[in-house]
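Asker: In full-length UniProt numbering, the protein residues as written are 1 to 426.
From the three backbone atoms N, C-alpha and C, an ideal C-beta is built for every residue, glycine too.
Shown next, in the form of structure tokens:
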């Protein structure tokens, strides 16, 4: 596969602190030494990645010299200026990144000539659209410091990691992945604010996409109003201090059910961390994956699955594998077929994660994300029409009960906390 990345100066990613600010005195203090997470119960040696995955993708993040905006005559007078992001469609596909269960705060705001999504990065309201040539352009709304906002956006998009390099490495020994990468290029893992990511996945407990989105919208509405785009209101994600002012009763009335107590409990637990919870969450980017998962699992309502989601989508833990029944089905078809027909257990969750890391190395979470997206009905219909995909898949016939069926937009991310507690009456 030829690299499709644009040649840009290489720089190390600036590990920015969470953009959320709190008004507590603790947050104003100097960053403390991260609190020590509880020791893991049992640590198994991390599988050694295969050689195809050992090569680190290039860092393609530029120094952000001011890009040229799209000519005014090509823009609508009713909209702000659009500026190319210098990420091709093979490096960032908006429909393969935003509506796939990583985040629930980005909305499709234009259904006309271009695919357009609008969301919030820190305190910046931004719209992204896919241009006819495949490049992505951005437009900030009411942002004074565009250079800083652009840097924050590229950091949020994990733009320093070259997908083409990564997919080339994975595809070298995996024909099925090679074909999927050709069809699903641009499926990027985001680098979200840890608090924002944590609260979103607490809302995801045994839930569906529509309801998760409504809950996240309610939480978001507690933050500072930033503007309206496409008839939709957008807010900065609320700080820990603001979240602490919300009661469990308010959340239950808003439809959160038993998740309300987890959110309130987690906010309280974070506020008790030395120096503030935002700093503590950011510190988890600097430790190894197992310690990060163990630390997250001390928070109310966070189990291994939700912890893995938070680690992958916000904490730079690129080999984290969130395992649910759908990922289990993928693993038993293509990675550990000897377990086909068996039931998923906590112990087998670890084996699934090990299988992905053994196959794809330290960026296994990115590979798993693409394989997961390929199972979504919106993509599966297209992929199954490709005869090469059919030849490359060769799934193992499942024994015992039939599969629960393909993943769909509402049931795909039952990104649940591992507890079996049913929804209480709201």
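1) Which residue from 170, 124, 179, 260 puts its Cα closest to that of residue 152?
2) Could you round the C-beta distance between residue 186 and residue 89 to whole angstroms and report it? I think they count as a contact, below 8 Å.
3) What's the gap between the Cα of residue 353 and the Cα of residue 218?
4) May I ask you to report which of helix, strand or coil DSSP gives residue 213?
5) Which of helix, strand or coil does DSSP assign to residue 83?
6) Leaving aside the five residues before and after residue 72 along the sequence, list all residues of the same chain whose C-beta is less than 7 Å from its C-beta, in chain order.
7) Rank 270, 144, 57, 331 by C-alpha distance to the C-alpha of residue 160 and give the top, closest one.
8) So what does DSSP say about residue 169, is it helix, strand or coil?
9) By the 10 Å Cβ neighbour count, where 16 or more other Cβ atoms means buried, how is residue 326 classified, buried or exposed?
10) Inspect the beta-carbon positions of residue 437 and residue 317 and report whether they are closer than 9 Å.
11) Leaving out the 5 sequence neighbours to the left and right, which residues in its chain are closer than 6 Å to residue 107 when beta-carbon positions are compared?
12) For residue 107, write down the residues that DSSP places opposite it in a beta bridge.
13) Start and end of the alpha helix (DSSP H) containing residue 327?
14) Can you tell me whether residue 158 is buried or exposed? The criterion is at least 16 other CB atoms within 10 Å of its CB, across all chains shown.
15) Rounding to the nearest angstrom, what Cα-Cα distance links residue 156 and residue 126 in this structure?
16) Taking the straight line between their C-alpha atoms, what separation do you get for residue 48 and residue 280?
17) Measuring CA to CA, which of 83, 362, 297 is closest to residue 147?
18) Would you identify the three-state DSSP class for residue 129, choosing helix, strand or coil?
19) Using 10 angstroms around the beta-carbon of residue 130, count the other beta-carbons present and answer buried if the total reaches 16, otherwise exposed.
20) As a quick exercise: from 305, 206, 314, pick the residue whose alpha carbon is nearest that of residue 257.
21) For residue 366 versus residue 166, is the C-beta spacing smaller than 9 Å?
22) Pull up the distance between the alpha-carbon of residue 252 and that of residue 346, whole angstroms please.
23) Quick check on DSSP: helix, strand or coil for residue 306?
24) Based on DSSP bridge pairs, tell me the residues matched to residue 137.
25) Note down the Cα distance separating residue 139 from residue 179, rounded to an integer number of angstroms.
26) Could you tell me the boundaries of the alpha helix (DSSP H) in which residue 281 lies?
27) DSSP beta-bridge partners for residue 373?
28) Helix or strand or just coil, what does DSSP make of residue 454?
29) Relative to the alpha-carbon of residue 204, which residue among 322, 364, 142 has its alpha-carbon at the smallest distance?
30) Of all the options 331, 104, 87, which has the alpha carbon lying nearest to the alpha carbon of residue 201?
31) Residue 110 and residue 230 look like a contact to me (Cβ under 8 Å); what is the Cβ gap, rounded to whole Å?
32) If you check the beta carbons only, do residue 189 and residue 102 fall under 9 Å apart?
33) With H, G and I counted as helix, E and B as strand and the rest as coil, what does DSSP make of residue 228?
34) Closest to residue 221 by CA distance: which of 209, 210, 143, 239 is it?
35) Helix, strand or coil, according to DSSP, for residue 233 in the structure here?
36) Per DSSP, which residues does residue 124 bridge with? Please list them.
Answerer: Taking the definition as stated:
1) Sequence index remark: in the chain shown, residue 152 carries index 152 (1-based). Residue 152 has its Cα closest to that of 124, out of 170, 124, 179, 260.
2) Walking along the chain shown from the start, residue 186 turns up at place 186. Walking along the chain shown from the start, residue 89 turns up at place 89. 5 Å between Cβ atoms; contact.
3) As a working mapping, residue 353 is identified with position 353 in the chain shown. As a working mapping, residue 218 is identified with position 218 in the chain shown. Cα to Cα, residue 353 sits roughly 33 Å from residue 218.
4) On the chain shown, residue 213 is found 213 positions in, with the first residue counted as 1. Helix, per DSSP.
5) On the chain shown, residue 83 is found 83 positions in, with the first residue counted as 1. It is a strand residue.
6) Along the chain shown, one-based indexing puts residue 72 at 72. A caution first: residue 72 carries a pLDDT of 47, below 50, which makes its placement in the model too unreliable to give a value.
7) Start at 1 with the first residue of the chain shown, and residue 160 comes out as number 160. Minimum Cα distance to residue 160 is reached at 57.
8) Here residue 169 corresponds to residue number 169 of the chain shown, with the count starting at 1. Helix at residue 169.
9) Numbered from 1 along the chain shown, position 326 holds the residue referred to as residue 326. With 16 or more other Cβ atoms within 10 Å, it is buried.
10) Not covered by the structure: residue 437. The range shown for the chain is 1 to 426.
11) Taking the first residue of the chain shown as 1, we reach residue 107 at position 107. Here the set comprises 118, 232.
12) Counted from its first residue, the chain shown places residue 107 at position 107. BP columns for residue 107 point to 118.
13) For the purposes of this step, residue 327 is identified with residue 327 of the chain shown, where counting begins at 1. That run of the alpha helix (DSSP H) goes 325–334.
14) Position 158 of the chain shown, counted from the first residue, corresponds to residue 158. Label assigned to residue 158: buried.
15) To locate residue 156, count along the chain shown from 1; it is residue 156. To locate residue 126, count along the chain shown from 1; it is residue 126. Straight-line Cα distance between these residues: approximately 12 Å.
16) Counting from 1 along the chain shown, the entry for residue 48 is found at position 48. Counting from 1 along the chain shown, the entry for residue 280 is found at position 280. In this prediction, residue 48 scores a pLDDT of 45, lower than 50, which makes its location untrustworthy; no coordinate-derived value is stated.
17) As a working mapping, residue 147 is identified with position 147 in the chain shown. When only C-alpha atoms are compared, the closest one is 83.
18) In the chain shown, the residue the question calls residue 129 occupies position 129. Strand at residue 129.
19) Position 130 of the chain shown, counting from 1, holds the residue named residue 130. Residue 130 should be labelled buried.
20) Position 257 of the chain shown, counting from 1, holds the residue named residue 257. Residue 206 is the option with its Cα nearest to residue 257.
21) On the chain shown, residue 366 is found 366 positions in, with the first residue counted as 1. On the chain shown, residue 166 is found 166 positions in, with the first residue counted as 1. Against a cut-off of 9 Å, the Cβ pair of residue 166 and residue 366 comes out as a contact.
22) As a working mapping, residue 252 is identified with position 252 in the chain shown. As a working mapping, residue 346 is identified with position 346 in the chain shown. Going from the Cα of residue 252 to the Cα of residue 346 covers about 30 Å.
23) Taking the first residue of the chain shown as position 1, residue 306 is located at position 306. Here residue 306 sits in helix by DSSP.
24) The residue labelled residue 137 in the question sits at position 137 within the chain shown. BP columns for residue 137 point to 84, 129.
25) To locate residue 139, count along the chain shown from 1; it is residue 139. To locate residue 179, count along the chain shown from 1; it is residue 179. Answer to the nearest angstrom: the Cα atoms are 33 Å apart.
26) Against the chain shown, residue 281 aligns to sequence position 281. It spans 277–283 - the alpha helix (DSSP H) in which residue 281 sits, taken as one unbroken run.
27) Taking the chain shown and counting its residues from 1, one reaches residue 373 at position 373. Paired residue(s): none; residue 373 is not in a bridge.
28) No statement about residue 454 is possible, as the shown extent of the chain runs from 1 to 426 and does not include it.
29) Numbered from its first residue, the chain shown carries residue 204 at position 204. Cα-wise, what sits closest to residue 204 is 322.
30) Position 201 of the chain shown, counted from the start, is the residue given in the question as residue 201. Comparing Cα-Cα distances from residue 201 to each of 331, 104, 87, the minimum goes to 104.
31) Sequence index remark: in the chain shown, residue 110 carries index 110 (1-based). Sequence index remark: in the chain shown, residue 230 carries index 230 (1-based). Yes, they are in contact, since the Cβ atoms of residue 110 and residue 230 sit about 7 Å apart, within 8 Å.
32) For the purposes of this step, residue 189 is taken as residue 189 along the chain shown, with counting starting at 1. For the purposes of this step, residue 102 is taken as residue 102 along the chain shown, with counting starting at 1. Their beta carbons are under 9 Å apart, which means residue 189 touches residue 102 by this criterion.
33) On the chain shown, position 228 is the one that residue 228 refers to. Residue 228 falls in the strand class under three-state DSSP.
34) Residue numbering aside, residue 221 sits at position 221 when the chain shown is read from its first letter. Nearest C-alpha to residue 221: 239.
35) Looking up residue 233 in the chain shown gives position 233. Strand at residue 233.
36) Sequence index remark: in the chain shown, residue 124 carries index 124 (1-based). DSSP, once it has assigned bridges, lists 121 as partnering residue 124.
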